[in-house]
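Protein sequence lines correspond, in order, to chains A and B.
Heads up, the first sequence is in UniProt numbering, so the first residue is 1 and it goes up one at a time.
Heads up, the second sequence is in UniProt numbering, so the first residue is 1 and it goes up one at a time.
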Amino acid sequence: MSQKVLLTSKEVNIILHRLACQLIEKHLDFTDTIIIGLQPRGSFLAKRIVKLLQEEYNINTIQFGLLDITFFRDDFRRGEKPLEANKTEIDFIVEDKKVIFIDDVLYTGRSIRSALTAIQSFGRPSEIELLVLIDRRFSRHLPIQPDYRGRQVDAINNEKVKVCWTENEGEDTVYLVTTNTQTPENV
Amino acid sequence: MSELTVNHLLGIKYLQPEDIQLIFETADHFKEVINRPIKKVPSLRDITIANIFFENSTRTKLSFELAQKRLSADVISFSAAQSSVKKGETLIDTVNNILAMKVDMVVMRHANPGAAYFLSKNVKASIINAGDGAHEHPTQALLDSYSIRERLGEVGGKKVVIVGDILHSRVALSNIFALQMQGAEVKVCGPKTLIPKHIESLGVSVEPNLRKALEWCDVANMLRVQNERMDVNYFPSTREYAQQYGVDKALLDSLSKEIVIMHPGPINRGVEITSDVADSKQSVILEQVENGVAIRMAVIYLLASKIK
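In structure tokens:
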């Protein structure tokens, strides 16, 4: 197994600021917009972006939630490992709101497909957008593309993208890890 | 841990403490799901479940059906009263005929203790015991413990008294196993005729005096007198039973601390508890019903994830 750095802490920081500005450009004061972090790994990125919007850009009206897609996945009973659920924290209705899904890595697109179904349990959003830190090109199983992306990466199947966050792993860094087995984590 | 150690839920005594923990954690997620505007998830859309009830049931059957439908499973329900069982068909034949229709899981209630265990050894499907005679009723014990955990924070270290007809109660036995497995202390209280001989061998003490039992406990689980299982009179009259072993508001208010009142239902109001106790803020009876759906969703989901 070998790994190389895709994004350093400084680069991650610049990208987060750019993504926050792109969101403001489209959503202005976020009155009708809801940010949803996809559990588990998308929650770190979503919390960072919300914090930036609040602290650096003084937008304090953001509605923010976390969505777990475990029970909506299409690979129940199909994998080697049993699926483990995480907490969903959405205490509002998304009816007629603009929803922004935030996840760390977009790979096959299946998680996003599950999230598109799962969010309907909370109402019918007027539109849904997708923001990801890393967009793995040429590996999609479904016709899903991000609206906002941090960095596009070409990675083959025995490579996986590992996103580390200071609050969890002690550093903001993105690695490209090459393994010998084909078990991509960020499906 | 993310997987149960068992392939069937036949009784609490076959589970490990980690299994109960996993079921509770999964039920937490499903409780959030059933409080959403749309209360359904698609996880089990390729699973078919048969509910086979050889004994009467209202809430357990409804609760299981609702749990299965909330998980998007296909459900067929079957009551013995309208079936070929009346024509002399054996249990294995009945179930195998149902399984021939490509059923993955069977939820069964039966009057004979061990019926679910017997089935699990003889048919190819995941079995959930929804009550087998006076033996076990595992999902009821799980939802009882889950309700205690929800109200008091944890089950470990709590004192629970089970009051009433212990002799005929599968709820009592499953509760004793579940509570002890989680580190709670259990007493039973009731007329001597309705306390099984040698119950102390399960690590349970007997307190014949209701007031003393209530003063001791944090939680009182009030069981129904199961007249349908009584072939002889176990106490002189219902009135005398209610006077000796019934809980009313005056008794509850006279205790030195506030205890939690549980009841697995159906309640005989005025016998084991009075209406004002059943409807008081100390009662968790309706929470038990709501938690029942979440617990059954968790059990079905976790067992279904092991069907390959």
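All C-beta atoms, glycine included, are put in the ideal place defined by N, C-alpha and C.
Taking the Cα positions, Ile285/B is about 13 Å away from Ser145/B.
With its beta carbon less than 8 Å from one in chain B, Arg77/A belongs to the interface. Within the region 190–234 of chain B, the complete alpha helix (DSSP H) segments of 4 residues or longer fall at 210–216, listed in chain order. Under the 10 Å beta carbon count, Thr8/A is surrounded by fewer than 16 other beta carbons and is classified as exposed.
Between Gly265/B and Met222/B, the CB-CB gap reaches or exceeds 8 Å.
Going by DSSP, Asn122/B is part of the alpha helix (DSSP H) stretching over 115–122. Among the residues facing chain B, Pro82/A is included, as its CB has a counterpart in that chain under 8 Å away. Within the region 120–131 of chain A, contact with chain B at the beta-carbon level (separation under 8 Å) is assigned to Gln120, Ser121, Phe122, Gly123. In its chain, beyond the 5 residues on either side, Glu129, Leu130, Leu131 have a beta carbon closer than 7 Å to the beta carbon of Asp147/A. When the alpha-carbon of Ala115/A is set against those of Gln3/A, Cys164/A, Thr70/A, the nearest one is in Thr70/A. Its chain contains Asp135, Arg137 as the residues whose beta carbon lies nearer than 7 Å to that of Gln152/A, once the 5 sequence neighbours on both sides are disregarded; these appear in chain order. Comparing C-alpha distances from Ile259/B to each of Arg239/B, Leu99/B, Thr274/B, Lys281/B shows the shortest one belongs to Lys281/B. A direct Cα-to-Cα measurement between Pro196/B and Ile166/B gives close to 7 Å.
Check the Cα spacing between Ile14/A and each of Asp68/A, Thr31/A, Lys4/A, Leu52/A: the tightest is with Leu52/A. For the region 34–61 of chain B, the beta-carbon criterion of a distance under 7 Å to any beta-carbon of chain A is satisfied by Arg36, Pro37, Ile38, Val41, Pro42, Ser43. Against chain A, the beta carbon of Thr26/B has neighbours under 7 Å at Ala85, listed in chain order. Shown here, Glu171/A sits in coil according to DSSP, grouped into three states, outside any helix or strand. Within chain B, no C-beta atom comes nearer than 7 Å to that of Thr178/A; the closest sits roughly 27 Å away. Within its own chain, the residues whose Cβ lies closer than 6 Å to the Cβ of Val107/B, once the five positions on either side in sequence are excluded, are Asn51, Phe64, Ile128, Ala130, listed in chain order. An exposed status is given to Ala111/B, since fewer than 16 other beta-carbon atoms sit within 10 Å of its beta-carbon. Rounded to the nearest angstrom, the Cβ distance from Ile102/A to Gly42/A is 5 Å, consistent with a contact under 8 Å. Within chain A, the residues placing a beta-carbon under 9 Å from that of His29/B are Asp68, Thr70, Phe71, Ala85, Asn86, Lys87, Thr88, ordered along the chain.
Beta-bridge partners of Lys159/B (DSSP): Glu185/B.
In the DSSP assignment, the residues bridged to Tyr148/A are Leu131/A.
Excluding its 5 nearest sequence neighbours in each direction, Gly153/B has no C-beta neighbour in its own chain below 8 Å. Under the DSSP assignment, Ser79/B falls outside any alpha helix (DSSP H), being part of the beta strand (DSSP E) whose first and last residues are 74–79. Looking only at Asn227/B, Lys308/B, Leu10/B, the smallest Cα-Cα distance to Glu136/B is reached by Leu10/B. Taking the C-beta atoms as reference points, Ala20/A is found nearer than 8 Å to Ile49/A. Here Glu89/A carries a strand assignment [DSSP, helix/strand/coil]. For the pair Leu44/B and Ser72/B, the CB atoms are nearer than the 8 Å cut-off. The C-beta of Glu150/B comes no closer than 8 Å to any C-beta of chain A.
Looking at the backbone, the Cα of Val105/A and that of Glu25/B are separated by about 27 Å. About 6 Å separates the beta carbon of Lys98/A from that of Asp32/A, a gap short enough to meet the 8 Å contact definition. Looking at the backbone, the Cα of Val277/B and that of Pro42/B are separated by about 39 Å.
Using a CB distance cut-off of 8 Å, Ile112/A does not count as an interface residue toward chain B. Under DSSP, Ala50/B takes part in a beta bridge, and its partners are Ile76/B, Val106/B.
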